[in-house]
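Engineer: In my numbering, the protein residues as written are 9 to 505. Built from N, CA and C at the ideal position, the CB exists for glycine as well.
1) Would you list the one or two residues that DSSP bridges to residue 267?
2) Could you check how far apart the C-beta atoms of residue 310 and residue 257 are, in whole angstroms? I think they sit under 8 Å.
3) Assign residue 119 to buried or exposed, taking buried as 16 or more other Cβ atoms, counted over all protein chains shown, within 10 Å of its Cβ.
4) Please list the terminal residues of the continuous alpha helix (DSSP H) segment that includes residue 198.
5) In the structure shown, what three-state DSSP assignment does residue 316 receive?
6) Measure the alpha-carbon distance for residue 27 versus residue 246 and round it to whole angstroms.
7) Using the Cα positions of residue 283 and residue 482, report the straight-line distance between them to the nearest angstrom.
8) In this structure, does DSSP put residue 248 in helix, strand or coil?
9) Quick one: grab the DSSP three-state call for residue 64.
10) Tell me the DSSP secondary structure of residue 283 in three-state form.
11) Please classify residue 521: is it buried, with 16 or more other beta-carbons within 10 angstroms of its beta-carbon, or exposed?
12) Is the separation between the beta-carbon of residue 353 and that of residue 405 shorter than 8 Å?
13) To the nearest angstrom, how far is the alpha carbon of residue 374 from that of residue 419?
14) With distance defined between alpha-carbon atoms, name the residue in 350, 305, 189 and 254 nearest to residue 362.
15) Of the residues 90, 57 and 424, which one's Cα is nearest the Cα of residue 23?
16) Alpha carbon to alpha carbon, how far is residue 144 from residue 161?
17) Would a C-beta distance cut-off of 8 Å place residue 314 and residue 251 closer than the cut-off?
18) Counting C-beta neighbours from all protein chains within 10 Å, is the total for residue 199 16 or more, i.e. buried, or is it exposed?
19) When the distance is taken between beta carbons, is residue 212 closer than 8 Å to residue 302?
20) By alpha-carbon positions, which one of 61, 443, 384 and 37 ends up nearest to residue 417?
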């Protein structure tokens, strides 16, 4: 759950008033002074967002420049202008160095829509000769205009379209295809691995940098720079991580990536065990293992994408049209795309591989077990045994995945056997028979959970074992029919007598 955000203004009208003081009349120094005073008062009360902090710094220098006429103060003005621009750029770029490998400031500024020459001016003011006063004044004016279009207007009126749009996220597919080509060559000829080692490492770093770029683009996907995401941590950073990994999963699931284009290369002779071909593992496991070490939720996001596809409802069969004595199927007239079963089986094989290898390299045994359990729970919850399609049959690839996982995990097989019984068919009225069926299934699952927690086998609870054997906290008691309680379906309101 997203925590409340503390802001210095009581309502947006106050921020809108400050915006009008700054931008209504460029030559009204008194209005700008009122804006500086208001920002200073807010700064004394709460930490300002970086946009307002930079606005206060740049505006203070502009006022100082407007009231100073002596040439002896030019150096001080140049240093003040340069410092405010440097802090603006650094405050925007530094929090967005989210990846394991450093990215250039130019690339991050380009994603934010920040003028490229601001970065060059920052570099010159930091490491080279101080820019001239005219250049710094022009930079300050453009910076104030950029803050108006990218912070003030989107904040005051969130429904309005943003003034500037960040460039689209660069495509990932060409980079992954290049990686796949080189890895295929090294798998065929092991002697090439030393030759291509540096290039493979470079492409792996490029994929990680793409994920970092996707995190920055996650804010742009909802419009604006994403000032709140830049200033806060926790759930917002997790949301950016999920968005980036979901985009990565979409590309990996395309044909020609994890799933080869050739149908003969997708599956092995033993399809029941969902074993991946060695060539596919040799190509993609180094990259997936490396990314998994940097992004622990990668396996969960990739499995989520796979199970979402496998649990989709298939398109209904086209109806038949009767022409006299003959019945002609519309499928013979319209060239409908057929379901690619080998693609589904290959995706199911990758889901099983992720469930078996997602914790590789995790030093902590508890964390590794929790990660594997999370992946398996995600698979079972998405491909639950009682899910059926419109024709009344479950997906073959989904069933094969559940069977392959349960064949190696007896406890999972016991849980699936309980869930596979399907929901109880409730008659028109609720009676003790329905409640007994529900109690039987609940007790079986509780007994299985107890076995897992204690680390030993336990026999399933009998159908007659009461659920009310759980000891209640002091002061609590369970109502009975003697107290006037009677069973009703969940969600039915019963007025108290």
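Structural biologist: Short version:
1) As computed with DSSP, residue 267 is found in a beta bridge with 263.
2) With a Cβ gap of about 5 Å, residue 310 and residue 257 count as contacting.
3) Buried, by the Cβ-count rule.
4) Annotation for residue 198: no alpha helix (DSSP H) segment contains it, and DSSP assigns it neither H nor E.
5) When DSSP states are grouped into helix, strand and coil, residue 316 belongs to the helix group.
6) Rounded to the nearest angstrom, the two C-alpha atoms are 32 Å apart.
7) Approximately 54 Å between the Cα atoms of the pair.
8) In the three-state scheme derived from DSSP, where H, G and I count as helix and E and B as strand, residue 248 is classed as helix.
9) The answer is helix: DSSP assigns residue 64 an H, G or I state.
10) Here residue 283 sits in coil by DSSP.
11) With the chain running from 9 to 505 in the structure shown, residue 521 is simply not present.
12) Yes. Within cutoff.
13) Distance between the alpha carbons of residue 374 and residue 419: 18 Å.
14) Nearest in C-alpha terms to residue 362, of all of 350, 305, 189 and 254, is 305.
15) The shortest C-alpha separation from residue 23 is found at 57.
16) If you take the alpha carbons of residue 144 and residue 161, they lie about 24 Å apart.
17) Taking a C-beta distance under 8 Å as the contact criterion, residue 314 and residue 251 do not qualify as a contact pair.
18) Burial call: exposed.
19) If you check the CB distance, residue 302 and residue 212 do not come in under 8 Å.
20) Nearest in C-alpha terms to residue 417, of all of 61, 443, 384 and 37, is 384.
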